[in-house]
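Structure record follows, encoded as structure tokens.
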Amino acid sequence: MLDECKALANETRLSILEWLKDPATHFPIGGDEPLGVCVGLIQQRAGCSASTVSAHLAVLQRAGFLRATRRGQWTYYRRDEARIRAFAERLHHDL
1 MLDECKALAN ETRLSILEWL KDPATHFPIG GDEPLGVCVG LIQQRAGCSA STVSAHLAVL
61 QRAGFLRATR RGQWTYYRRD EARIRAFAER LHHDL
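Here the sequence shown is numbered in the UniProt record's numbering, starting from 1 and rising by one per residue.
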């Protein structure tokens with residue numbers, strides 16, 4: 001549970017999770033892609049460098065909050081709702 005909490009201890013990562021909860025609202029162009037949202041759109045929205053956004057996405061993915069799908073040169077990210085729900089339930093139960 002510590003890795004998950006550490007992943008959430010950053011404002012940009014929390015924002016990314018929020019944006020990906022409703023991608024069509026936060027990414028009007030490309031937010032309706034069934035695979036998720038491409039890194040470039042997340043980078044534009046976050047206003048960070050590509051390497052910084054990639055690092056944030058990697059932390060969220062390692063914590064189990066995101067799933068990545070690679071198509072050609074593009075990587076798409078979407079939330080793993082089951083893992084997020086399980087984390088929230090475990091947090092509620094343990095605390």
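Idealized CB from N, CA, C, for every residue including glycine.
Because the structure is a prediction, the values reported are computed rather than measured.
Buried or exposed (CB count within 10 angstroms, at least 16 for buried), ILE29: The residue is exposed, with fewer than 16 neighbouring Cβ atoms inside 10 Å.
Where the alpha helix (DSSP H) through LEU66 begins and ends: Careful: LEU66 lies outside any alpha helix (DSSP H), inside the beta strand (DSSP E) at 66–71.
GLU4 burial status per 10 Å Cβ neighbour count (16 or more: buried): Taking all protein chains in view, the Cβ of GLU4 is crowded by 16 or more other Cβ atoms within 10 Å, so the residue is classified as buried.
For CYS48, the three-state DSSP class (helix, strand or coil): The answer is coil: DSSP assigns CYS48 none of H, G, I, E or B.
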